[in-house]
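Colleague: Going by UniProt numbering, the residue at position 75 of the sequence shown is 75; the numbering climbs one at a time, nothing skipped.
Just so it is clear, CB atoms sit at the ideal spot from N, CA and C, and this is done for glycine as well.
Small disclaimer: the values here were computed from a predicted structure and weren't measured.
My questions will all concern the structure given below.
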Amino acid sequence: MDNRITLLKLGGSIVTDKAGTGGVEYARLATLAGVIAARPDLRLVLVHGAGSCGHPEAKEYHIQDGVGPANKAGIAVTHEAVAGLNRAVVAALRAHGVDAIGVHPLAACRAQSGQLISCECIPIAQLVRLGITPVLHGDVVMDARRGACIISGDQIIRYLAIALEAGRVGLATDVPGVLDEGAVVPEITRDTVGRLSIGCSGNTDVTGGMKGKITELLALADAGVESHIFHISRIEDFLDEKDHGGTIVRR
Ligand SMILES: Nc1ncnc2c1ncn2[C@@H]1O[C@H](COP(=O)(O)OP(=O)(O)OP(=O)(O)O)[C@@H](O)[C@H]1O
Ligand SMILES: C=C(C)CCOP(=O)(O)O
1 MDNRITLLKL GGSIVTDKAG TGGVEYARLA TLAGVIAARP DLRLVLVHGA
51 GSCGHPEAKE YHIQDGVGPA NKAGIAVTHE AVAGLNRAVV AALRAHGVDA
101 IGVHPLAACR AQSGQLISCE CIPIAQLVRL GITPVLHGDV VMDARRGACI
151 ISGDQIIRYL AIALEAGRVG LATDVPGVLD EGAVVPEITR DTVGRLSIGC
201 SGNTDVTGGM KGKITELLAL ADAGVESHIF HISRIEDFLD EKDHGGTIVR
251 R
């Protein structure tokens, strides 16, 4: 059995009512925690998106336009919104017996011009070695050029997949995969992506929706790491290495 790390992103559209006004999806978190708890041999690193707990705040404070004295209050407001969601995700996992712990990118990562350039990964790897599941999230992080910026969970997935030499990389979201005229595209490469129409999220989202996801995952594919996008209802298929009916992004 491959005992390398499985890296899984739970999209913000899954862990929150992204289309609504801000609620954490507690019932869904409980179900997902049960699914993860039933697979104790997994060496898992989780990342979650912000959904309605972070994107609206980041937009309100114009974080992606750069941060200075006029909008610096948005750093704490945005971080607290997504950190609160992180506490809910970790609490759900722990309630099901998963030894999970929250890790905040604000304190561990740096960016330059909106791009994640460093993340302290050694503690994350050590936690996994101890059988603990680190739970990271998209966050506001300090940016060498812009003051601060928003780093998506998708950027974090790309960075961690390489740094942790993850065996499997999956992104669960609210669509069955990348869609082309309503049908799932089973495989995307740099050569085929240009034929597709891939857009942003239908909800408030400062990190580019599916388009942002594919940008990160194609860069990951360039590094030789394939990744999977699938509907959250197929999470067990992904974790059990079965066909999940979604999209594989590869070189
Ligand atoms: N070609 C496409 N195929 C599938 N989804 C697409 C496509 N173009 C745009 N989208 C949109 O992208 C959304 C998924 O991206 P989104 O960033 O909202 O997901 P997420 O990762 O669950 O959320 P978050 O960014 O908050 O973590 C879909 O709900 C859909 O509206
Ligand atoms: C908006 C914030 C704070 C993080 C965004 O992360 P994402 O939901 O993965 O795009």
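Among residues of its own chain, excluding the 5 on either side of HIS79, which ones have a beta-carbon nearer than 6 Å to its beta-carbon?
Modeller: LEU106, VAL140
Colleague: Quick check on the DSSP output: the beta strand (DSSP E) that includes VAL169 runs from which residue to which?
Modeller: Counted as a single uninterrupted DSSP element, the beta strand (DSSP E) harbouring VAL169 occupies residues 168-173.
Colleague: Please state whether DSSP places VAL178 in a helix, a strand or coil.
Modeller: VAL178 falls in the coil class under three-state DSSP.
Colleague: Cβ of HIS55 within 6 Å of any heavy atom in ligand 2?
Modeller: yes
Colleague: Does the Cβ-Cβ distance between VAL128 and ILE36 come in under 7 Å?
Modeller: no
Colleague: Per DSSP, which one or two residues make a beta bridge with GLN112?
Modeller: GLN115
Colleague: Is ASP205 near ligand 1, judged by its Cβ being under 6 Å from some heavy atom?
Modeller: The answer is yes for ASP205.
Colleague: Consider the C-beta atom of GLY199 and the heavy atoms of ligand 1; say whether any pair is separated by less than 6 Å.
Modeller: yes
Colleague: Spatial neighbours of GLN155 within its chain, please: CB distance less than 6 Å, with the 5 preceding and 5 following residues excluded, ordered by chain position.
Modeller: LEU116, GLU216
Colleague: Does ligand 2 have even one heavy atom less than 6 Å from the beta-carbon of ALA76?
Modeller: False, no ligand heavy atom lies under 6 Å from that Cβ.
Colleague: What number of angstroms, rounded off, separates the C-alpha of GLY147 from the C-alpha of PHE230?
Modeller: 34 Å
Colleague: Would you tell me roughly how many angstroms separate the C-alpha atoms of SER52 and GLY102, rounded to the nearest one?
Modeller: 19 Å
Colleague: Could you spell out where the alpha helix (DSSP H) holding PRO186 opens and where it closes?
Modeller: It is not in any alpha helix (DSSP H) - PRO186 carries neither H nor E in the DSSP assignment.
Colleague: Are the Cβ atoms of GLY177 and THR247 separated by less than 7 Å?
Modeller: Yes. Within cutoff.
Colleague: Is LEU136 close to ligand 1? I mean its beta-carbon at under 6 Å from any heavy atom of the ligand.
Modeller: For ligand 1, no non-hydrogen atom lies closer than 6 Å to the CB of LEU136.
Colleague: Is DSSP giving ALA148 helix, strand or coil here?
Modeller: strand
Colleague: Report whether the distance from the Cβ of SER152 to the nearest heavy atom of ligand 2 is below 6 Å.
Modeller: SER152: yes, Cβ under 6 Å from ligand 2.
Colleague: One question on the structure: do LEU218 and ARG158 come within less than 7 Å of each other, judged by their Cβ atoms?
Modeller: no
Colleague: As a quick exercise: from GLY131, ASP191, GLY202, pick the residue whose alpha carbon is nearest that of LEU42.
Modeller: Closest in C-alpha terms to LEU42, from the list GLY131, ASP191, GLY202, comes GLY131.
Colleague: Alpha carbon to alpha carbon, what distance is there between ARG251 and ARG168?
Modeller: 15 Å
Colleague: Rounded to a whole number of angstroms, what is the C-alpha to C-alpha distance between THR173 and GLY212?
Modeller: 13 Å
Colleague: Give me the Cα-Cα distance between ILE63 and GLY49, rounded to the nearest whole angstrom.
Modeller: 16 Å
Colleague: Under the three-state reduction of DSSP, which class applies to SER197: helix, strand or coil?
Modeller: Per DSSP, reduced to three states, the secondary structure at SER197 is coil, with no helix or strand assignment.
Colleague: Could you tell me whether any non-hydrogen atom of ligand 2 is closer than 6 Å to the CB of VAL45?
Modeller: It does not: the Cβ of VAL45 is nowhere closer than 6 Å to a heavy atom of ligand 2.
Colleague: Does the distance between the C-beta of VAL141 and the nearest non-hydrogen atom of ligand 2 fall short of 6 Å?
Modeller: no
Colleague: Taking C-alpha atoms, which residue in PRO69, ILE162, LEU85, THR31 lies nearest to ASP222?
Modeller: ILE162
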